[in-house]
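Written out below as structure tokens is the structure these notes cover.
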Amino acid sequence: MTVNKTTEGIRLAPQSRNPPASSVANKKKQSGKRTTTADAPKQLALASNTSSTSSQGPPVPTPPEEPAFWQRFPGFEPKIDSTFLEQFNRLSIHEGWNKKEKARRRHEAIVEEFNYLQGTDTSKLARWQDLCCIIGIEDVPTSIAKCKQVLGSRKVMINLTNLIDHMRLGTPLIKFKNFYAFRTYTNGHRFPKDVAKKDGFIRVFLRHVG
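For my numbering, count along the sequence shown from 1 and bump the result up by 18.
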């Protein structure tokens, strides 16, 4: 991804018809706080720490809801098992966007999708360390500054749409062996400067292409 001059279930045993009164009373006493899916801890699947061209992490659980971006368009039904580009191209056809509008919306969708998956609180070290693990950094830094330095290195060349698919669907993460391969792969998909200048997790993956 490049930027303009800067880059882009248990079965229960049957109950008796007339349960003892004490059993009913116990059930009433035990009926307390109801557990919901919202109480379940979030799960995060990490990429395998390899130096190969692509790395396959364990299956990544699909988030329970879709980002707000896909919900803005009446009549469009997002598919949670689709890749980012499949989803976006379907939306583009649905909305009838021209080339310029499609490019603008694409940048917007990438940012919102990534923020949905990674979060936006850049003040938390744990979030930066999670991102390092997802990318496959073996020696995870112990400070935010060091995390930014490692993730922003030219040794880490990641395509954002591929990273989104990796985080959401468990798609193998492509790790480019050199800058030429990275630039060739991401050619034609440049991020606008105003997005590149914004502080956030996504910024560390944007690269200057000259």
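The beta carbon of each residue, even a glycine, is placed where N, CA and C say it ideally should be. Model, not experiment: these values are computed from the prediction.
> Between the Cα of G218 and the Cα atoms of K117, V174, C150, V129, which residue gives the shortest distance?
Replying inline: Stepping through the sequence shown from its first residue, residue 218 is reached at position 200. The shortest Cα separation from G218 among K117, V174, C150, V129 belongs to V129.
> I think F87 touches A127, with their Cβ atoms under 8 Å apart; what is that distance to the nearest whole Å?
Replying inline: In the sequence shown, the residue the question calls residue 87 occupies position 69. In the sequence shown, the residue the question calls residue 127 occupies position 109. Taking 8 Å as the upper bound for CB-CB distance, F87 and A127 are in contact here, some 5 Å apart.
> Is DSSP giving L191 helix, strand or coil here?
Replying inline: For this step, residue 191 is matched to residue 173 along the sequence shown. L191: strand per DSSP, three-state reduction.
> Would you call R225 buried or exposed, if buried means 16 or more other Cβ atoms sit within 10 Å of its Cβ?
Replying inline: For this step, residue 225 is matched to residue 207 along the sequence shown. Burial check for R225: the Cβ neighbour count within 10 Å reaches 16 or more, so the residue is buried.
> Between Q251 and the rest of its own chain, which residues show a CB-CB distance below 8 Å, the 5 nearest in sequence each way excluded?
Replying inline: This structure leaves residue 251 out entirely; the chain is present only between 19 and 228.
> Considering only C-alpha positions, which residue in the set L169, R145, R186 is nearest to I155?
Replying inline: On the sequence shown, residue 155 is found 137 positions in, with the first residue counted as 1. Out of L169, R145, R186, L169 has the C-alpha closest to the C-alpha of I155.
> When DSSP builds the beta bridges, which residues end up paired with F197?
Replying inline: Here residue 197 is taken as the residue at index 179 of the sequence shown, counted from 1. None, per the DSSP bridge assignment.
> Hey, how far is the Cα of L149 from the Cα of K166?
Replying inline: Taking the sequence shown and counting its residues from 1, the one referred to as residue 149 is at position 131. Taking the sequence shown and counting its residues from 1, the one referred to as residue 166 is at position 148. Within the model, the alpha-carbon separation for L149 versus K166 is close to 10 Å.
>> Is it buried or exposed, F132, if we count other Cβ atoms within 10 angstroms and call 16 or more buried?
In response: Position 114 of the sequence shown holds residue 132. By the Cβ neighbour-count rule, F132 is buried, with 16 or more other Cβ atoms within 10 Å of its own.
> When burial is assigned at 16 or more other CB atoms within 10 Å of the CB, is K47 buried or exposed?
Replying inline: For the purposes of this step, residue 47 is taken as residue 29 along the sequence shown, with counting starting at 1. Low per-residue confidence applies at K47: pLDDT is 43, beneath 50, and the placement is therefore not dependable enough to give any value.
> Would a C-beta distance cut-off of 9 Å place L143 and T160 closer than the cut-off?
Replying inline: Here residue 143 is taken as the residue at index 125 of the sequence shown, counted from 1. Here residue 160 is taken as the residue at index 142 of the sequence shown, counted from 1. Their beta carbons are under 9 Å apart, which means L143 touches T160 by this criterion.
> Helix, strand or coil: how does DSSP classify F209 here?
Replying inline: Reading the sequence shown from its first residue, position 191 is the one you call residue 209. Per DSSP, reduced to three states, the secondary structure at F209 is strand.
>> Whether or not the region 95-109 and the region 177-191 are in contact is what I'm after, with contact meaning three or more pairs of Cβ atoms, one per stretch, closer than 8 Å; do they touch?
In response: Cβ pair count under 8 Å is three or more, so yes.
>> My assumption, with CB atoms under 8 Å, is that M175 sits in contact with F200. Please give the rounded CB distance.
In response: For this step, residue 175 is matched to residue 157 along the sequence shown. For this step, residue 200 is matched to residue 182 along the sequence shown. Between F200 and M175 the Cβ distance is about 4 Å, and since that is below 8 Å, they are a contact.
> From F106, D139, C151, pick the residue whose C-alpha is nearest to that of R123; which is it?
Replying inline: In the sequence shown, residue 123 corresponds to position 105, counting from 1. Per the Cα distances, F106.
> So, M185 versus I152, is the Cβ gap smaller than 9 Å?
Replying inline: Position 167 of the sequence shown, counted from the first residue, corresponds to residue 185. Position 134 of the sequence shown, counted from the first residue, corresponds to residue 152. Yes; because the gap between Cβ atoms is below 9 Å, this pair is in contact.
> Where does R124 fall in DSSP's three states?
Replying inline: If you number the sequence shown from 1, residue 124 lands on position 106. Under the three-state reduction of DSSP, R124 is assigned to helix.
> Quick one, which of I192, A163, K195, L191 has its alpha-carbon nearest V222's?
Replying inline: Here residue 222 refers to the residue found at position 204 when the sequence shown is read from its first residue. Restricting attention to I192, A163, K195, L191, the CA atom closest to the CA of V222 is found in A163.
>> Can you look up S161 in the DSSP assignment and give me helix, strand or coil?
In response: Stepping through the sequence shown from its first residue, residue 161 is reached at position 143. Here S161 sits in coil by DSSP.
>> Measuring only the C-alpha atoms, how far is I192 from K173?
In response: Position 174 of the sequence shown, counted from the start, is the residue given in the question as residue 192. Position 155 of the sequence shown, counted from the start, is the residue given in the question as residue 173. Our two residues, I192 and K173, have alpha carbons roughly 13 Å apart in a direct line.
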